Amino acid sequence: MTTMTKSLSRPAGYKTPWEKARPYVYILPALIFLGLFTVYPVIDMIIRSFQKWNLVTAPTWVGIKNYDYIFKRKEFREAIVHTITYAIFVVGLGLSISTLFAVWLSKSTFMNNLTRTVMFMPHVIALISVAMVWAWIMNKNNGLLNMVLNFFGLPSLKWADSADTAMMSIIIVALWKAIGYNTMLIYAAIQNVPRELYEAADLDNANAVKKFFKITLPMISPQMFMLLITATTGSFRVFDTVRVMTHGGPGTATQVLVYYIYEQAFVLNNKVGYAFAASVVLMVMIGVLTAVYFRILSKRVHYQ
Amino acid sequence: MAEIRFEEITKKFGDKVILDHINLDIEDGSFTVMIGPSGCGKTTLLRIIAGIGPQTSGKVFLDGEDISGLPPAKRNVAMVFQNYAIYPTMTVKENIEFGLKNNKVPKDERERLIGEISEIVGIHELLDRKPGTLSGGQRQRIALARAMVKKPKVFLMDEPLSNLDAKLRVSMRTELIELHNRLKTTFVYVTHDQTEAMSMGTRIILMNKGVIQQEATPSVIYQDPDNLFTAQFIGSPQMNVLPFPDEKVRYGFRPEKVHLTNEPGQYFYTRKGHIVTKEMLGSETIYQVRYEGNSVMIKSLEDSFEQDHDVYIGVKKPNILLFDEDERRIRPDDARYEQWMSKL
Ligand SMILES: Nc1ncnc2c1ncn2[C@@H]1O[C@H](COP(=O)(O)OP(=O)(O)O)[C@@H](O)[C@H]1O
Ligand SMILES: [Mg+2]
Chain E
1 MTTMTKSLSR PAGYKTPWEK ARPYVYILPA LIFLGLFTVY PVIDMIIRSF QKWNLVTAPT
61 WVGIKNYDYI FKRKEFREAI VHTITYAIFV VGLGLSISTL FAVWLSKSTF MNNLTRTVMF
121 MPHVIALISV AMVWAWIMNK NNGLLNMVLN FFGLPSLKWA DSADTAMMSI IIVALWKAIG
181 YNTMLIYAAI QNVPRELYEA ADLDNANAVK KFFKITLPMI SPQMFMLLIT ATTGSFRVFD
241 TVRVMTHGGP GTATQVLVYY IYEQAFVLNN KVGYAFAASV VLMVMIGVLT AVYFRILSKR
301 VHYQ
Chain R
1 MAEIRFEEIT KKFGDKVILD HINLDIEDGS FTVMIGPSGC GKTTLLRIIA GIGPQTSGKV
61 FLDGEDISGL PPAKRNVAMV FQNYAIYPTM TVKENIEFGL KNNKVPKDER ERLIGEISEI
121 VGIHELLDRK PGTLSGGQRQ RIALARAMVK KPKVFLMDEP LSNLDAKLRV SMRTELIELH
181 NRLKTTFVYV THDQTEAMSM GTRIILMNKG VIQQEATPSV IYQDPDNLFT AQFIGSPQMN
241 VLPFPDEKVR YGFRPEKVHL TNEPGQYFYT RKGHIVTKEM LGSETIYQVR YEGNSVMIKS
301 LEDSFEQDHD VYIGVKKPNI LLFDEDERRI RPDDARYEQW MSKL
């Protein structure tokens, strides 16, 4: 009643200051939280990337010297190339293998239900706990993988101990860890595609490949897009696998961006400014890539 | 043009028998309506014709050819699903075109067919839209167009009007009848709505619990039911069925076949009763009348009778149907007929 008399007594569309401010007041807590824990650290990081600092004495302003330094060094440029290589394989292979598994698993049988449970396990086990197992699997003398290779008459590899195969080894472990999780998400998405669509497609004479590309993939595109973005950003931030398996070596064979940042900041003489500059570069790369994804792919993502 | 024949079709889900030894002929060019309560196996039977939910045993023939083992696309049938099953990620045109493309129909032929069909169904201006932006009635038309464009021998429709509002349902009913007259193709139409069945079907198949109760024209189903289930399923309010005292045999008469009078009339079956409730529905009035411990519904064009008053009900002999202890009809040519009738 009161609102009615109020709205009658003033021109349509008029809002009191409180009414105008109200929506912003409601989201204020979230804004404060975001500002404090997301925006502020990013700005701080950008500022510090222009400073020289050793974690002890007061930082001094050095302009773009940090950037100049890291870009002139081979290790940093290599780290970028390694990171991109790693991301391409882990995202590309990870998503396509997971999708294949998910499609296969969605034909529900007892074996498949069991397989689903087992597949998810790598995701819940800490990498460090299975590092020993992988060390054995990839052992250059009598590891499981070499046994398999030898069985097929192929020569043994030195896996993580050789600069030629170290990156591949890391990618294999990363895939092992990621595929279960991806498969679960894609599997769940596929389960949500209405069965009748496939039946209609059967009547429309669509073969399995057509059904996958014309029905399944478009229907699960929102989840695939989300996975693509999280998998890509995750790959660019790879650290634990490298730290556990190779420490960036042999030589600089598996030096990736985050490991580089870590070394600059905490292993080598506390060169924090370099680490911050590299972090900004990483952030920009991820940002640009995500923007490109949205630009190119979001039109092809089908939201219900 | 196609005739469908079921031979000993049985369908089980696990141990549960859904369809039990169905033997049935669906006439070429007929508008056959399958009707029955929810869960009686109508959709299951339709899916067997389409080949998307194969039978456990038995055979399906189309024009004399055994299609039991054929994949859905090779059967020359098209289906309109209950929820339409339109591909949500494709435009309307792509939806209609999908089957044609898969069947390698050349592009100009496809364009011609799509133009022709969308004209008939009236969706020309929707061709570039995505299904998500369309109303229920429009989706229904698209599902129809997608089925029609394949020029199938048989149209299968699973409760295609059940998602539409009442008004649209009535107009779509007429349109479907016209469509059938025009195409002269065999339509197999599933519904649980008896008005739809009676108004659209040239043949009605009434099912219950996986068994066919009766297969006949709408008027035979109404006038001359084979059994109690059919008699009670068709008609609204449903047929009054009363037991002979201390017997398992029952007799029934439809609410609209009862005459109400203030004085006893010259009817084969006359009783004095008491009006318990009265419902005015406009052109007709529904009375509930009690007598001899029975309660019957009566539909009358006369609304002059008052609640809580006594009234005489009268039914002519041909309008009284007898059902034996197994709920099967006892017809006038049955030896038992006169014997039971004389007890009334
Ligand atoms: N995929 C299935 N698995 C198990 N039971 C099913 C399945 N599909 C249908 N049924 C059962 O079969 C019976 C008939 O279903 P249906 O043919 O869909 O009935 P309706 O006549 O309502 O279309 C129902 O009892 C239903 O529960
Ligand atoms: Mg059904």
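Heads up: the protein sequence lines correspond to chains E and R, in order. So that you can map any letter, position 149 of the first sequence is 149 in the numbering used here, and since no number is skipped, the others follow by simple counting. So that you can map any letter, position 195 of the second sequence is 195 in the numbering used here, and since no number is skipped, the others follow by simple counting. Idealized CB from N, CA, C, for every residue including glycine. What you are looking at is a predicted structure, and each value in this text was computed from that prediction instead of being measured.
Supposed contact pair residue j and residue i - C-beta distance, whole angstroms, cut 8 Å
i	j	result
Ala131/E	Val284/E	Incorrect: roughly 32 Å between the Cβ atoms, too far for contact.
Ile114/R	Ile86/R	The pair is not a contact, with the Cβ atoms about 15 Å apart (cut-off 8 Å).
Ile179/E	Ser98/E	5 Å
Asp25/R	Arg47/R	About 19 Å; that fails the 8 Å criterion.
Val188/R	Met34/R	7 Å
Thr56/R	Lys11/R	5 Å
Asp28/R	Ala50/R	In fact, because the Cβ distance is near 18 Å, the residues do not count as touching under 8 Å.
Asn227/R	Glu327/R	5 Å
Glu302/R	Leu260/R	6 Å
Trp159/E	Ser169/E	5 Å
Cut-off 6 Å between Cβ atoms - residues of its own chain near residue i, not counting five sequence neighbours on either side
i	result
Gly273/E	Gln51, Lys52, Trp53, Asn66
Ile52/R	Pro72
Pro264/R	Thr270, Tyr312
Leu282/E	Leu257
Tyr181/E	His123
Leu311/E	In the structure as shown, chain E starts at 1 and stops at 304, and residue 311/E therefore has no counterpart that could be examined.
Arg75/R	Gly51, Ile67
Phe89/E	Ile171
Tyr84/R	Arg139, Ala143
Gln264/E	Lys271, Tyr274, Ala275
Phe101/E	Thr183
Ala197/R	Val33, Ile35, Thr191, Ile204
Ser7/E	Legend: pLDDT at Ser7/E = 48, less than 50; position of this residue unreliable, value from coordinates given subsequently. Taken in chain order, the list of residues that qualify is empty.
Val79/R	Per the sequence presented here, residue 79/R reads as Met, with Val not at that position. The residues are Ala50, Leu156.
Met4/E	A caution first: Met4/E carries a pLDDT of 48, below 50, which makes its placement in the model too unreliable to give a value.
8 Å Cβ shell around residue i - same chain, five flanking residues per side excluded
i	result
Ala362/R	Outside the displayed range of chain R (1 to 344) lies residue 362/R, so it cannot be described from this structure.
Ser49/E	Asn66, Tyr67, Gly273, Phe276, Ala277, Ser279, Val280
Phe98/R	Tyr87, Met90, Arg146
Val17/R	Thr10, Lys11, Gly210
Trp340/R	Phe244, Val249, Tyr251, Leu322, Ile330
Contacting residues, own chain, Cβ-Cβ under 7 Å from residue i (five flanking each side not counted)
i	result
His309/R	Ile275
Thr57/E	none
Pro345/R	Limits of chain R in this structure are 1 at one end and 344 at the other, which puts residue 345/R out of reach.
Ala79/E	Gln255, Val256, Leu257, Tyr260
Ile286/E	Thr233, Phe236
Environment of residue i [buried if 16+ CB atoms lie within 10 Å]
i	result
Thr89/R	buried
Lys257/R	buried
Asp164/E	exposed
Lys104/R	exposed
Leu126/R	buried
Lys151/R	exposed
Met1/E	Legend: pLDDT at Met1/E = 42, less than 50; position of this residue unreliable, no value from coordinates given.
His82/E	buried
Ile9/R	buried
His180/R	buried
Leu100/R	buried
Leu281/R	exposed
Leu154/E	exposed
Tyr40/E	exposed
Trp134/E	buried
Asn205/E	buried
Pro131/R	buried
Asn146/E	buried
Phe412/R	Given that chain R is displayed from residue 1 to residue 344, the structure contains no residue 412/R and the question cannot be resolved.
Thr133/R	exposed
Met226/E	exposed
Gly13/E	exposed
Phe13/R	exposed
Asp158/R	buried
Chain B within 8 Å of residue i, Cβ atoms only
i	result
Ala206/E	In the displayed structure, chain B is absent; the protein chains listed are E and R.
Residues passing the C-beta test against ligand 1 heavy atoms, cut-off 5 Å: Phe13/R, Ile18/R, Ser38/R, Gly39/R, Cys40/R, Gly41/R, Lys42/R, Thr43/R, Thr44/R
Every unbroken alpha helix (DSSP H) inside the region 43 to 110 of chain R [4 residues or more]: 92 to 102
Those runs of the alpha helix (DSSP H) which lie wholly inside the region 41 to 92 of chain E and span at least 4 residues: 65 to 72
Those runs of the beta strand (DSSP E) which lie wholly inside the region 179 to 235 of chain R and span at least 3 residues: The region 179 to 235 of chain R contains these whole beta strand (DSSP E) runs: 186 to 191, 203 to 208, 211 to 216.
Ordered list of beta strand (DSSP E) runs contained in the region 253 to 295 of chain E, each at least 3 residues: Counting only runs of 3 or more, we get nothing.
Ordered list of alpha helix (DSSP H) runs contained in the region 117 to 190 of chain R, each at least 4 residues: You should have 136 to 148, 166 to 183.
In chain order, each alpha helix (DSSP H) run of at least 4 residues that lies wholly inside the region 95 to 142 of chain E: Counting whole runs of 4 or more residues, the region 95 to 142 of chain E contains the alpha helix (DSSP H) stretches 110 to 124, 127 to 137.
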